[in-house]
Amino acid sequence: MISKTLGKIYIALIMIFLYAPIGVLIVLSFNDSRSRVVWGGFTLDWYTSLLNNSTIMKALGTTFGLALSSALIASVLGVLGAIGIYSMRQKGYKLMLFATNIPMINADIVTGIALLLWFVRFLPLGFTSVLLAHVTFNIPYVILCVLPKLKDMDIYQYEAALDLGAKESYAFIHILLPQILPGVLSGFLMAVTMSMDDFVITYFTKGAGVNTLSTLIYGQIRKGIKPEIYV
Amino acid sequence: MNRNRYRLLSIPYVIWVIGFTLIPILFILIRALTDDGGAFTLTNIVAIFSPLHRKALIMSLCLAFISTLICIILAYPVALILRGSRIKKKNIILFILILPMWMNFILRILAMQMLISNNGIINHILELAGLSPMNIINTPRAIVLGMVYDYLPYMLLPVLNSILSIPEDVIEAAKDLGSDKFHVLTRIIIPLSLTGVGSGITMVFVPSMTEFVIANILGGGKIQLLGNIIEQEFTVSMNWNLGSGLSVSLMAFVLITSFIFGRNNESTATGITI
Numbered sequence: 001m002i003s004k005t006l007g008k009i010y011i012a013l014i015m016i017f018l019y020a021p022i023g024v025l026i027v028l029s030f031n032d033s034r035s036r037v038v039w040g041g042f043t044l045d046w047y048t049s050l051l052n053n054s055t056i057m058k059a060l061g062t063t064f065g066l067a068l069s070s071a072l073i074a075s076v077l078g079v080l081g082a083i084g085i086y087s088m089r090q091k092g093y094k095l096m097l098f099a100t101n102i103p104m105i106n107a108d109i110v111t112g113i114a115l116l117l118w119f120v121r122f123l124p125l126g127f128t129s130v131l132l133a134h135v136t137f138n139i140p141y142v143i144l145c146v147l148p149k150l151k152d153m154d155i156y157q158y159e160a161a162l163d164l165g166a167k168e169s170y171a172f173i174h175i176l177l178p179q180i181l182p183g184v185l186s187g188f189l190m191a192v193t194m195s196m197d198d199f200v201i202t203y204f205t206k207g208a209g210v211n212t213l214s215t216l217i218y219g220q221i222r223k224g225i226k227p228e229i230y231v
Numbered sequence: 232m233n234r235n236r237y238r239l240l241s242i243p244y245v246i247w248v249i250g251f252t253l254i255p256i257l258f259i260l261i262r263a264l265t266d267d268g269g270a271f272t273l274t275n276i277v278a279i280f281s282p283l284h285r286k287a288l289i290m291s292l293c294l295a296f297i298s299t300l301i302c303i304i305l306a307y308p309v310a311l312i313l314r315g316s317r318i319k320k321k322n323i324i325l326f327i328l329i330l331p332m333w334m335n336f337i338l339r340i341l342a343m344q345m346l347i348s349n350n351g352i353i354n355h356i357l358e359l360a361g362l363s364p365m366n367i368i369n370t371p372r373a374i375v376l377g378m379v380y381d382y383l384p385y386m387l388l389p390v391l392n393s394i395l396s397i398p399e400d401v402i403e404a405a406k407d408l409g410s411d412k413f414h415v416l417t418r419i420i421i422p423l424s425l426t427g428v429g430s431g432i433t434m435v436f437v438p439s440m441t442e443f444v445i446a447n448i449l450g451g452g453k454i455q456l457l458g459n460i461i462e463q464e465f466t467v468s469m470n471w472n473l474g475s476g477l478s479v480s481l482m483a484f485v486l487i488t489s490f491i492f493g494r495n496n497e498s499t500a501t502g503i504t505i
């Protein structure tokens, strides 16, 4: 009994550790004083000033646009790639799986620098280069979410549909896709999260003028931060 | 029969892998192995053993090692406790524990900074309570704290997954055969959870080894990790060859750890999230 209570306390402590800083951020976003410590009363001013701050809103737009478009491209390429890998022979299968793992095992900083070195050869750094970079590190998540679903899938249903005269595109949309859809969705969501959370790779591949929320905040830390950001 | 045609579907992806994964790595290797003029040299690779860089390397290794260790020590009991409890809400608790991952990582570090900085909230509370303020910002301890805070979910997830998925029958069988609690833990639970711990280690050690943001924000730029040096070579000193050389050396260290702790099995980590 005692050990159970202790266990609960322990888990509660871990949760406090994980959530206290976030809680502080939320509280501060309503704080009416510029200081980080002093509570100057409840206010929504920062929220209104956020909506009027074009730099932050633009960065926010870039972040979301980047996350959605890179996740979408990664999902399409990833699903096709996963189906292709799935139907490969042993050797190609292993090789491709290894290649898929590279961006995941590799440190962000190395991936970012490698992409930077490559991009400067043919592409002005900017939104496009960041987008390409994000797609690159997002595809593996999609593939690793879709492949297990393909393995569990009942391939005979698909073949039966073909035998019964269904067109390949029809069988693909009505039989294959529904079966792997959960995997595709979770891959897509992972990709969106990863893209929104990324700082290091964006930092290296972005040119001047393009900012996601992460890089904007990082830039502002040095100048001193306004509470708008916490919002 | 038509398998061949399906393989063609992966062509765009194969092109992508070659274009945006393999070629960039090739580029970084070329940069690392040449000097300004483009002549072959090993100096950039060996540069990691120069006194300044060696210090940063050792610092990075130490901090990453300590952070990983603390993460294991913190995460393992959570998994054991959750396994022992009969609550059905296990999944909800798991979800709550990993939810912070969904929040922007720079913001989380920033929040940490506000908590522990010299005129931050914790010191304010300590002052109100009449205690002497603590001084941990800009020290290695602050960086370790930031890393643990940031990467703990990455350890929790695989460790929890592996421990919660040990079938109850195995443990029952061991108990029937006369094992006590200690034996069950050391002979069954720990060996069976090693894969989870292994992928947790890779997921914590690799990013904390290569970190430069946390060190910049919480270390106040006074503590140089290998990541900071590489970043400066690219953004300030503009010595891209040296930066690449150091990155390649760093990559070697990362690969060595990945090999030691087994293949980075991220599927165990991602499997349960959705």
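Protein chains in written order, with the numbering used here: chain E, 1 to 231; chain Y, 232 to 505. Glycine residues also receive a C-beta, built at the ideal position from the N, C-alpha and C atoms. Please read these numbers as outputs of a predicted model, since none were measured by experiment.
Nearest to residue i (by Cα), restricted to the options the options
i, options, result
"Leu346(Y)", "Thr212(E), Thr5(E), Leu25(E), Arg89(E)", "Leu25(E)"
"Ile301(Y)", "Lys320(Y), Asn335(Y), Met378(Y)", "Met378(Y)"
"Val135(E)", "Ser281(Y), Ile487(Y), Val248(Y)", "Val248(Y)"
"Leu95(E)", "Gly351(Y), Val245(Y), Val485(Y)", "Val245(Y)"
"Pro308(Y)", "Phe98(E), Ala191(E), Gly81(E), Ala12(E)", "Ala12(E)"
Min CB distance residue i to chain Y below 8 Å
i, result
"Gly84(E)", "yes"
"Pro103(E)", "yes"
"Leu123(E)", "no"
"Met194(E)", "no"
"Gly40(E)", "Its pLDDT being 49, under 50, Gly40(E) is placed unreliably in this model, and the value from its coordinates should be taken loosely. Gly40(E) does not count as touching chain Y."
"Ser68(E)", "In the sequence as presented, Ser is not what sits at residue 68(E); that position holds Leu. Judged by the 8 Å Cβ criterion, Leu68(E) is not in contact with chain Y."
"Ala20(E)", "yes"
"Ala12(E)", "no"
"Ser87(E)", "yes"
"Ala160(E)", "no"
Unbroken alpha helix (DSSP H) run spanning residue i, endpoints
i, result
"Asp407(Y)", "399-407"
"Arg372(Y)", "371-395"
"Phe127(E)", "127-152"
"Ser468(Y)", "No alpha helix (DSSP H) contains Ser468(Y), which DSSP labels as neither H nor E."
"Met434(Y)", "421-440"
"Leu253(Y)", "Unbroken run through Leu253(Y): none, as it is neither H nor E."
"Val415(Y)", "Per DSSP, Val415(Y) belongs to no alpha helix (DSSP H) and is neither H nor E."
"Ile301(Y)", "282-315"
"Trp272(Y)", "The amino acid occupying residue 272(Y) in the given sequence is Thr; Trp does not appear at that position. It is not in any alpha helix (DSSP H) - Thr272(Y) carries neither H nor E in the DSSP assignment."
"Ala446(Y)", "444-449"
"Gln344(Y)", "336-347"
"Leu328(Y)", "321-329"
"Ile368(Y)", "Here Ile368(Y) belongs to no alpha helix (DSSP H), and DSSP marks it neither H nor E."
"Ala160(E)", "155-163"
"Trp333(Y)", "Counting along the chain, Trp333(Y) falls outside any alpha helix (DSSP H), and DSSP gives it neither H nor E."
Contact with chain E by residue i, beta-carbon distance below 8 Å
i, result
"Ser480(Y)", "no"
"Gly315(Y)", "yes"
"Val258(Y)", "Per the sequence shown, the amino acid found at residue 258(Y) is Phe instead of Val. It does; some Cβ of chain E falls within 8 Å."
"Gly476(Y)", "no"
"Val428(Y)", "no"
"Met290(Y)", "no"
"Ser241(Y)", "yes"
"Tyr382(Y)", "no"
"Arg418(Y)", "no"
"Val248(Y)", "yes"
Buried or exposed by the 16-neighbour rule on C-beta atoms within 10 Å, applied to residue i
i, result
"Ser3(E)", "exposed"
"Asn472(Y)", "buried"
"Cys280(E)", "This structure cannot speak to residue 280(E), because chain E is shown only from 1 to 231."
"Tyr382(Y)", "buried"
"Gly78(E)", "buried"
"His284(Y)", "buried"
"Lys206(E)", "buried"
"Pro21(E)", "buried"
"Arg121(E)", "exposed"
"Ile323(Y)", "exposed"
"Leu416(Y)", "exposed"
"Met469(Y)", "exposed"
"Val277(Y)", "exposed"
"Val435(Y)", "buried"
"Gln344(Y)", "buried"
"Asn447(Y)", "buried"
Report the residue ranges of all alpha helix (DSSP H) runs contained in full by the region 166-216 of chain E; include only those spanning at least 4 residues, in chain order. Counting only runs of 4 or more, we get 168-171, 177-197, 200-205.
Could you name each continuous alpha helix (DSSP H) segment of 4 residues or more that falls completely within the region 51-127 of chain E, going from the start of the chain to the end? Runs found: 54-86, 90-105, 108-122.
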